[in-house]
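First comes the structure, then the notes that go with it.
In full-length UniProt numbering, the protein residues as written are 1 to 558.
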């Protein structure tokens, strides 16, 4: 299909059946450098799906949506959001999901969760339903570090702030096990509840399926977990015939557009809702990224973008999208101050949490007027840790000689050449106590909770979005569209009239232009470098390199 065919399809009057192919993956964040932009130019984006499925539901040309519910490695919170979009679309249009298999012996719960958002499900005859739940693993490195002569020395506030256990503990502590078990239970409970509601089953029936997995197609059909058994060609031919269209009607959902919607986008002087993104480890300065991951959210950049939204008279509200495990306490507080200034200027701010907004990520979210998260979002982790790796024994084993000269009583506190002295521990604990006190005090103020109530859900504990909702840490379960709706309500805007504008998204050419002052959002390009690649590698090993407000792990589901 050429460009002219696509233009004709999206602007003509012929019937359209939208397709969402999860096997192609979904781009969940905008590229942060020009090389990524080129590499991902043909990838469907979650941003496009949010907009296009909402608009297409009101388009008389659009007949329905077909979802290829393939395993894609997409994070569970994003799968939840996409499922919500499909389910909402299905209240006005026809929907069908198909899959070759929901996993092969394992990791099919995420793709099946998405499929249940459709009105009917097809499964290949040789496929299977692998909805066996999830497993959370915790790797402890102390034994390895002992062998190579590295001694971890860390302090933490408090017992649930377990990131340092990765290096310093030789067993999983009871608070760590309790927290991890509850996270896993909450995630699966939410998925089971969704599946039961969508498939008109009881949660007991769905749990029986989870515990009996893998399930063959015939048994899945008997249990009401799927609707049809057939290959892709059979599913497509049957559904398209039932819908009264042929394959000429097929169009990828991210390629869809609507003439009226295009005209609305280019209408001048519309009230706008600005979207500012905070992705990756929170650091002071401008941050960076690499092609291998390791993205950093520079506090200076986020602050510039929030100030830009404040200066724009057409921007009436802001959605702050957060996908961050935390990082620097100073940088997180800097961003918090920027959010509060926007609110003081009369512009409501709604936090939209994606896969994780914990520790420093929660610090940035808590001053917002409202917080929206998915049920599986990891959040909270209101706590702090700090310390160092002592490598003196390692140097001895390698036959290396290291001499240090420290000018000042505290100059060598964080030197890896020796362990903490009593006075060093006193300094570190004083620092940790102050950061924790600030964090909890600000959180209690921002969330309008008594400090003693906040303390009960703090102490470094990570919560799922589902559990955080019941504890007053967030306000709504949902995705970006709900966050935009709430921002419009708070700003007194009709949601359908507001135009979304992405601050800090100047386009490919503008990425390469230099900034003219500290008030500019230009010059945003961050090319990959050696340091950010090493940060990415450390992150994959579970080693924090980003500051005292961090979370120990991420959870994903195939």
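Glycine included, every Cβ here is placed at the ideal spot set by N, Cα and C.
Do residue 483 and residue 350 count as a contact pair if the criterion is CB distance below 8 angstroms? yes
With a CB to CB cut of under 7 angstroms and the five nearest residues on each side skipped, what residues in its chain are close to residue 376? Listed in chain order, the non-local C-beta contacts of residue 376 below 7 angstroms within the same chain comprise 76, 77, 80, 187, 190, 464, 465, local neighbours out to five positions each way being set aside.
Counted within 10 angstroms of its Cβ, other Cβ atoms place residue 461 as buried (16 or more) or exposed: buried
Can you tell me whether DSSP reads residue 486 as helix, strand or coil? helix
Can you tell me which of the three DSSP states residue 100 falls into? In the displayed model, residue 100 falls within coil according to three-state DSSP, outside both helix and strand.
Using the C-alpha atoms, what's the distance from residue 288 back to residue 527? Confidence is the limiting factor: at residue 527 the pLDDT is only 43, short of 50, which leaves the residue's position unreliable and the question unanswerable from this model.
At a cut of 8 angstroms, does the region 380-391 reach the region 407-424 through at least three beta carbon pairs? yes
Could you have a look at residue 159 and say whether DSSP puts it in helix, strand or coil? coil
Can you grab the Cα-Cα spacing for the pair residue 226 / residue 116, in whole Å? 8 angstroms
Opening and closing residue of the beta strand (DSSP E) in which residue 355 lies: 349-358
Among the residues of its own chain, which have a CB less than 7 angstroms from the CB of residue 402, if the five just before and after it don't count? 395, 417
What span of residues does the alpha helix (DSSP H) with residue 169 cover, start to end? Unbroken run through residue 169: none, as it is neither H nor E.
Would you mind reading off the limits of the alpha helix (DSSP H) that contains residue 238? It spans 232-243 - the alpha helix (DSSP H) in which residue 238 sits, taken as one unbroken run.
Just to confirm, is the Cβ distance from residue 382 to residue 352 under 8 angstroms? no
Residue 152 and residue 497 - do their beta-carbons sit closer together than 8 angstroms? no
The region 329-342 / the region 355-373 touching (three or more Cβ pairs under 8 angstroms): Touching, per the Cβ criterion.
Suppose you measure from the CA of residue 309 to the CA of residue 315; what does that come to, to the nearest Å? 6 angstroms
Among the residues of its own chain, which have a CB less than 7 angstroms from the CB of residue 415, if the five just before and after it don't count? 404
In three-state DSSP terms, what is residue 70? coil
If I measure Cβ to Cβ from residue 229 and keep anything under 8 angstroms in the same chain, skipping five residues before and after, which residues do I get? 122, 123, 124, 125, 217, 218, 221
Could you tell me the distance, in whole angstroms, from the CA atom of residue 279 to the CA atom of residue 450? 30 angstroms
Supposed close pair residue 327, residue 282 - CB separation, criterion 8 angstroms: 3 angstroms
Would residue 70 and residue 99 be called neighbours here (beta carbons separated by less than 8 angstroms)? With a cutoff of 8 angstroms on beta-carbon distance, residue 70 and residue 99 are scored as near each other.
Tell me residue 323's beta-bridge partners as DSSP assigns them. 279
Which value, in whole angstroms, describes the spacing of the CA atoms of residue 212 and residue 132? 7 angstroms
Would you call the region 155-175 and the region 241-258 touching, i.e. three or more CB-CB distances under 8 angstroms? no
Taking 8 angstroms as the limit between beta carbons, can you name the residues of its chain near residue 192, skipping five residues before and five after? 203, 206, 207, 210
Among 18, 46, 23, 446, which residue has its Cα nearest to the Cα of residue 354? 46
Sequence-distant residues of its chain with Cβ nearer than 6 angstroms to residue 13 (five each side left out): Apart from the 5 residues on each side of it in sequence, residue 13 has no Cβ closer than 6 angstroms to any other Cβ in its chain.
Looking at residue 95: is its Cβ nearer than 8 angstroms to the Cβ of residue 86? yes
In angstroms, rounded to a whole number, what distance separates the CA positions of residue 277 and residue 491? 20 angstroms
Within the continuous beta strand (DSSP E) that includes residue 374, where are the two ends? Taken as a continuous stretch (DSSP letters only), residue 374 belongs to no beta strand (DSSP E), as it is neither H nor E.
Buried or exposed: where does residue 20 fall if 16 or more other Cβ atoms within 10 Å of its Cβ makes it buried? buried
Could you give the first and the last residue of the continuous alpha helix (DSSP H) run that contains residue 52? 46-56
Residue closest to residue 561, alpha-carbon to alpha-carbon, out of 284, 369, 59: In the structure as shown, the chain starts at 1 and stops at 558, and residue 561 therefore has no counterpart that could be examined.
What are the boundary residues of the alpha helix (DSSP H) that includes residue 386? Premise fails: residue 386 lies in the beta strand (DSSP E), 384-390, not in any alpha helix (DSSP H).
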